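For reference, the structure is listed below as structure tokens.
Chains as they are written, first to last, in the working numbering: chain A, 1 to 273; chain B, 1001 to 1258.
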């Protein structure tokens, strides 16, 4: 009898226990029996038995309160140390930068959060007249440019509020830079709902930009990918035509990047606290 | 949904995690002493839940996405991991060497993050590896800043695994580390400098390890960088604490490389 002859024969009860364990992916805090039963639409008894089994196996532990369940150190036993578990955002994104360049013909940039701004760490430049790489190491604040707004929008509300407080007054770069905190919050909602940020000429004028997030397990940004071209060649109408193809690539990318937790965080120096 | 029905399936999962090659039902059956049909059923169950995947469309299996994501979620439980990267980058810039973040779990330290150095030759272990506290620089940096009672309890737990002379040398090294604020280990195979990240009441939240030779002139810059990280962590004690500190270290048993 081959393995495939046995397909379909699985232990349903254990699949359910494993599904309980899987709910810890992206969860930032411990969970209780009632909460879990409501979340998975299973009885409290079933939730309790699944949690107890996972504790016995070392995959969960009771937290300091003694009544809730937290991921356990037994998780370290189901890893293959030969596999590279470290996420390198530049290596990961490189093929997607190439694909976005191929479908748009324009320059594509990869940017990551550093401190209270972002820096561009990789790019694929278009030929001829093109939007060029930011000067190496140039730190762009997180409220100006579409890459900034994408990175900012997928941080937590607390971090965004923290940024606005520390960066105030928000610096103006062009006539369209968002400097009013209320307008910035509206933009955050828009970016979160549509999944990308458009350029408003709010950092550099005379170019058309669109930025997409590279998201982690919890929906936080690993990085932002920006496609940009000269405004007379890459018009807003062109962006609309290209958007479905770009979104498809971005969706595929995010289905893979979401395997990893991001290290992106606005960093404040001690003197800022 | 009983524990006994699940136990063999978790054993299969751990076996596949520990192996260095893809495993099929026959391998699992032989290694765990299970009937072949039971091994098939266990693999089907794990595949169904996405914990294992077929290796290159064969009938052999390797760990799947769910296992990888859970590991990342577990690392995410240590809040210091999200705060440390900019400071790790600074250490890389100062020294050119690979920098790792280790966190304490029971009587062990686990590597949960690393940033590769800029030097041509990089010598480091994988993320996820676990060491006994006294066997690497990070563990010793953590141990040096545990309370005297905890230190004694750990050293006592070593029992016959260390000689009286080795224990004395370890105690002296820990006292020096506490005074200096760092640990260095240099032998024929490696050179490491580790600085503890200290949270509320100077409790060790982890340790950063620079995995290469650090010039004497750069040590103060490294101490200052990690000091700033500790300062940030101390400012938010509710966020930066070890979620597993309430567990009895004697009850935490992990496979080590050290």
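Using N, Cα and C, we set each Cβ at its ideal position, and we do this for glycine too.
Predicted, not measured: the structure shown is a model, and the values here were computed from it.
My output table needs one value for residue i: the three-state DSSP class, helix, strand or coil.
i: residue 1108(B); result: strand
i: residue 1247(B); result: coil
i: residue 1010(B); result: helix
i: residue 141(A); result: strand
i: residue 43(A); result: coil
i: residue 104(A); result: helix
i: residue 50(A); result: helix
i: residue 1055(B); result: coil
i: residue 1225(B); result: helix
i: residue 1217(B); result: helix
i: residue 12(A); result: helix
i: residue 34(A); result: helix
i: residue 1102(B); result: strand
i: residue 112(A); result: strand
i: residue 1158(B); result: helix
Can you list, in chain order, the residues of its chain with a C-beta nearer than 8 Å to that of residue i? Leave out the 5 residues immediately preceding and following it.
i: residue 230(A); result: 129, 130, 131, 206, 207, 208
i: residue 1178(B); result: 1144, 1145
i: residue 1234(B); result: 1198, 1199, 1200, 1240
i: residue 254(A); result: 213, 214, 215
i: residue 5(A); result: At residue 5(A), the pLDDT of 46 sits below 50, so the modelled position is not reliable; the number obtained from the coordinates is stated separately. Result list for residue 5(A): empty, nothing under 8 Å.
i: residue 270(A); result: Note that residue 270(A) scores a pLDDT of 38, beneath 50, so its modelled location is shaky and nothing firm can be said.
i: residue 90(A); result: 110, 121, 122
i: residue 1031(B); result: 1015, 1023
i: residue 1025(B); result: 1036, 1039, 1040, 1043, 1059
Which residues in the same chain have their Cβ closer than 7 Å to the Cβ of residue i, if we skip the five residues on either side of it in sequence?
i: residue 172(A); result: 179
i: residue 25(A); result: 217
i: residue 116(A); result: 141, 142, 163, 166, 167, 266
i: residue 152(A); result: 142, 143, 160, 163, 188
i: residue 32(A); result: 67, 68
i: residue 1264(B); result: Nothing can be reported for residue 1264(B): it is not among the residues displayed for chain B, which extend from 1001 to 1258.
For the beta strand (DSSP E) containing residue i, name the first residue and the last one.
i: residue 230(A); result: 221 to 230
i: residue 118(A); result: 117 to 124
i: residue 1196(B); result: 1191 to 1198
i: residue 1207(B); result: 1204 to 1210
i: residue 69(A); result: 69 to 71
i: residue 1132(B); result: 1130 to 1132
i: residue 62(A); result: 60 to 62
i: residue 1185(B); result: 1183 to 1186
Pop quiz: residue i and residue j are said to be a contact at Cβ under 8 Å. What is the actual Cβ separation, rounded to whole angstroms?
i: residue 1041(B); j: residue 19(A); result: The pair is not a contact, with the Cβ atoms about 17 Å apart (cut-off 8 Å).
i: residue 1105(B); j: residue 1252(B); result: 6 Å
i: residue 232(A); j: residue 145(A); result: Not quite, the Cβ-Cβ distance comes to about 20 Å (not below 8 Å), so this is no contact.
i: residue 1262(B); j: residue 1225(B); result: Residue coverage of chain B in this structure runs from 1001 to 1258, which leaves residue 1262(B) outside it and unanswerable.
Residue i lies in the alpha helix (DSSP H); which residues open and close that run?
i: residue 183(A); result: 181 to 194
i: residue 1172(B); result: 1164 to 1180
i: residue 1063(B); result: That residue, residue 1063(B), is in no alpha helix (DSSP H); its beta strand (DSSP E) goes 1061 to 1063.
i: residue 209(A); result: Looking at the DSSP string, residue 209(A) is not in any alpha helix (DSSP H); the run it does join, the beta strand (DSSP E), is 207 to 215.
i: residue 1023(B); result: Taken as a continuous stretch (DSSP letters only), residue 1023(B) belongs to no alpha helix (DSSP H), as it is neither H nor E.
i: residue 1257(B); result: Run containing residue 1257(B): none; DSSP gives neither H nor E here.
i: residue 250(A); result: 236 to 257
Using the beta-carbon of each residue, which ones in chain A are nearer than 9 Å to residue i?
i: residue 979(B); result: Look at the range of chain B in this structure, 1001 to 1258, and you will see that residue 979(B) is not part of it.
i: residue 1195(B); result: Those within 9 Å of residue 1195(B) in chain A number zero; the least Cβ separation is about 17 Å.
Run down chain B in chain order and give the residues with a C-beta less than 8 Å from the C-beta of residue i.
i: residue 61(A); result: 1244, 1247
Who are the near neighbours of residue i in its chain, counting only those whose CB is closer than 6 Å to its CB and skipping five residues on each side?
i: residue 1096(B); result: 1117, 1118, 1119
i: residue 65(A); result: none
i: residue 227(A); result: 100, 104, 106, 108, 210
i: residue 47(A); result: 33, 36, 37
Under 7 Å between beta-carbons, which chain B residues line up against residue i? List them in chain order, please.
i: residue 57(A); result: 1010
Which chain A residues sit within Cβ distance under 7 Å of residue i?
i: residue 1066(B); result: 22
I want to verify the contact list: residues of chain A whose CB lies under 8 Å from the CB of residue i, in sequence order.
i: residue 1014(B); result: 77, 78
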